[in-house]
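The structure appears below as structure tokens.
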Amino acid sequence: MIEYALAFGFLALSLAVLLNLWRLFKGPSLMDRVLAVDTMVINAIALIILFGIQQRTTIFFEAALLFAMFGFISTVAYCRFTLRGDVIE
Amino acid sequence: MDFIVELVVSVLIVLGGIFALVGSVGMVKLPDLLTRLHAPTKATTLGVGGALVASMVFFAGLEGRLSIHEVLITAFLFLTAPISAHFIAKAHLHEYPELREDLPDTGRPLGWSTFERMPDEGEVTEETEDDRHAAHH
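Going down the list, the protein sequences come from chains A and B. Each number in the working numbering corresponds to the 1-based position in the first sequence with 28 added. Each number in the working numbering corresponds to the 1-based position in the second sequence with 782 added.
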């Protein structure tokens, strides 16, 4: 049963990433693109977690945690750059 | 017993996938950025939360090892999602000054702190809830 649920989860999340990609290319404003990348990172984390369940290994959690951290830091750094023209003042 | 755990894991995975998909569809369909911000920050965070809880139940119930990594990732995502949403909204408001006219009144002598200068010493007096109530009548 888990196999079918995993297949559905992979399908839904892949579709979600494709929709994010569409928003990333379409824009129209700069912050739309930042938001699209932020959402894409969160969806990628969910994909990694589902892949870990499928492979029955916990080794991917570190990768998911790193994705979460880098996604957040890059979003904040980009917003800060557009707000102040500098990342660290 | 195993069947119940499998059922719970499957339901959580499907729910997480649906939530993530709804969040991304909302980001494509909604009309402008400040409404588009709602969909990913709420639905997608719930979606990834569902996948993480499913993974926790799976490894604790079927594989017999309790992993706390998921709690760490969940806590980190739930803490950082509002912060990044706040930053995106703020940067967007600074990018398009015409949006400032739609902002609600602060109900105080000074406007929104992100657009105003620093108040001088002693300029802002503490206003209690009763004062503001009286000023309206």
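Built from N, CA and C at the ideal position, the CB exists for glycine as well. Since we're looking at a predicted model, the values are computed, not measured.
Exercise. At which residue ranges does the stretch 861 to 901 of chain B contain complete beta strand (DSSP E) runs of 3 or more residues, listed in the order of the chain?
Worked result: DSSP runs (the beta strand (DSSP E)) wholly in the stretch 861 to 901 of chain B: none.
Exercise. Which residue's Cα is closest to the Cα of TRP50 (chain A): A:GLU31, A:CYS107, A:MET68?
Worked result: Taking the first residue of the first sequence as position 1, residue 50 (chain A) is located at position 22. Checked all of A:GLU31, A:CYS107, A:MET68; the closest Cα to TRP50 (chain A) is A:MET68.
Exercise. Do you know offhand how far LYS824 (chain B)'s Cα is from GLY113 (chain A)'s?
Worked result: Along the second sequence, read from residue 1 onward, the residue named residue 824 (chain B) stands at position 42. Along the first sequence, read from residue 1 onward, the residue named residue 113 (chain A) stands at position 85. Each residue's Cα considered, the two are about 29 Å apart.
Problem set entry | Under 8 Å by beta carbon: chain B residues contacting GLY37 (chain A) | As a position in the first sequence, residue 37 (chain A) is number 9, starting the count at 1. For GLY37 (chain A), the neighbours in chain B by C-beta distance under 8 Å run, in chain order, ILE795, VAL796, GLY798, GLY799, ALA833.
For this session: Could you list which residues in chain B have their beta carbon closer than 8 Å to that of LEU34 (chain A), in chain order?
Result: What you label residue 34 (chain A) is simply residue 6 of the first sequence in a count that begins at 1. Ordered by position in chain B, the residues that pass the 8 Å Cβ test against LEU34 (chain A) are ILE795.
Problem set entry | Near-chain B residues of the stretch 60 to 88 of chain A - C-beta to any C-beta below 8 Å | Taken in chain order, the members of the stretch 60 to 88 of chain A whose beta-carbon sits within less than 8 Å of a beta-carbon on chain B are ASP60, VAL62, LEU63, ALA64, ASP66, THR67, ILE70, ASN71, ILE73, ALA74, ILE77, LEU78, GLY80, ILE81, ARG84, THR86.
Exercise. Would DSSP call VAL115 (chain A) helix, strand or coil?
Worked result: Locating residue 115 (chain A) in the first sequence gives position 87, where the first residue counts as 1. Three-state DSSP puts VAL115 (chain A) in coil, outside helix and strand.
Problem set entry | For SER837 (chain B) and GLY80 (chain A), believed in contact at Cβ under 8 Å, the rounded distance | The residue labelled residue 80 (chain A) in the question sits at position 52 within the first sequence. The residue labelled residue 837 (chain B) in the question sits at position 55 within the second sequence. Contact flag correct, Cβ pair sits at about 6 Å.
Exercise. Which residues in the same chain have their Cβ closer than 8 Å to the Cβ of GLU788 (chain B), if we skip the five residues on either side of it in sequence?
Worked result: Residue numbering aside, residue 788 (chain B) sits at position 6 when the second sequence is read from its first letter. In the same chain as GLU788 (chain B), and ignoring 5 residues on each side of it, the C-beta atoms closer than 8 Å to its own belong to LEU844, in chain order.
Exercise. Roughly how many angstroms lie between the CA atoms of PRO891 (chain B) and ILE865 (chain B), to the nearest whole one?
Worked result: As a first step, residue 891 (chain B) is located in the second sequence; it is residue number 109 there, counting from the start. As a first step, residue 865 (chain B) is located in the second sequence; it is residue number 83 there, counting from the start. A direct Cα-Cα distance of roughly 27 Å separates PRO891 (chain B) from ILE865 (chain B).
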